Amino acid sequence: MVRVISRSPAQTQALGRWLGERLQPGDFVALVGDLGTGKTALSTGILAGLGVSRSGGSPTFTLLWEYEGRIPVFHWDVYRLEDAAELEDLGFEEYFFSDHGVNLVEWADRVRPLWPDEVLEISLSYGSGEQERVLELTGTARYRPLLEELAHAGFGL
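Add 52 to a position in the sequence shown, counting from 1, and you land on the number used in this note's numbering.
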């Protein structure tokens, strides 16, 4: 696990950009955290790092936004789902288990039973300062090199 302290939304976005620049087709990024902990700021940075210039915020009202960056990005916001079964009815498998692009899932803990085997989980929580956020990144074997690189990158560690 790598723990990062972000002291501003700009720092959270910078971390996201760093991650996005390194993501590959087939990656699955699960964002977990309460309202206001920085999931949207982190997502904005990840999308920028993937070469996506976007307008708007989270895809809350549309569930899924698809973007073309350097690789396709499937940006999910499952906040409004009551449980994982609702996503099962929508054919999520063609995205979650695809090597075609990157899945970026906000509120991912709501659909945890549906996650693929290889996942980069980023848990966001409030820090001690008003804008401070704590990001804890854990990942399966696929993400060990990325996490090792991050541990040495100097992001608010």
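Just so you know, even glycine gets a beta-carbon here, dropped at the ideal spot from N, CA and C. In this text the structure is predicted, and so the values were computed from the model without any measurement.
Non-local C-beta neighbours of G181 in its own chain, meaning closer than 8 Å and more than five positions away in sequence, comprise R59, ordered along the chain. L187 sits away from R74, with the two beta carbons spaced by 9 Å or more. Collapsing the DSSP output to three states places R59 in coil. Taking 9 Å as the cut-off, the Cβ atoms of D86 and V154 do not count as close. Listed as beta-bridge partners of E73 by DSSP are no residues whatsoever. The alpha-carbon of R69 is positioned some 16 Å away from that of Y195. Nearest Cα to V130 within the set R122, D161, E120: D161. M53 and F207 have their C-alpha atoms spaced approximately 14 Å apart. With a contact defined as Cβ atoms closer than 8 Å, E118 and F126 qualify at about 6 Å.
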